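To start, the structure itself, in structure tokens.
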Amino acid sequence: MIGNIRDHRTDLFVVDIDAVFEPTIHDNPNGYDAGPFRFDVVTQHPDYFHVADLCDTTVRDALLHAETTWPFPVTVYLYDAGIGPLG
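Counting in the numbering used here, the sequence shown runs from 3 upward without gaps.
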């Protein structure tokens, strides 16, 4: 589920990218304080993770990945292809 999108590409018209994902609760743990998106609920979920990446992909595929992989809001960071943002 997409929570936020942060676009760090130098050319916003290039669709080939590297993407990084993190739970949106990392951005604003107090912003999700009710129901299924509370910090304690998300961090105890079996699909919880700290950070993940998907390199050599497209904007479309990265957003589909975020929307379908996790049942809680995820922030998607878009970077120029080939930079390997997580090293």
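Even glycine gets a Cβ: it sits at the ideal position worked out from N, Cα and C.
Fair warning: this is a prediction, and the values are worked out from it, not measured in the lab.
- Just so you know, the alpha carbons of Asp-9 and Val-16 end up roughly 12 Å apart.
- The continuous alpha helix (DSSP H) containing Phe-41 extends over residues 41–46.
- Of the candidates Asp-18, Asp-82, Asp-42 and Arg-11, Asp-42 places its Cα closest to the Cα of His-28.
- When C-alpha distances from Pro-73 are compared across Pro-48, Gly-86 and Gly-84, the shortest belongs to Pro-48.
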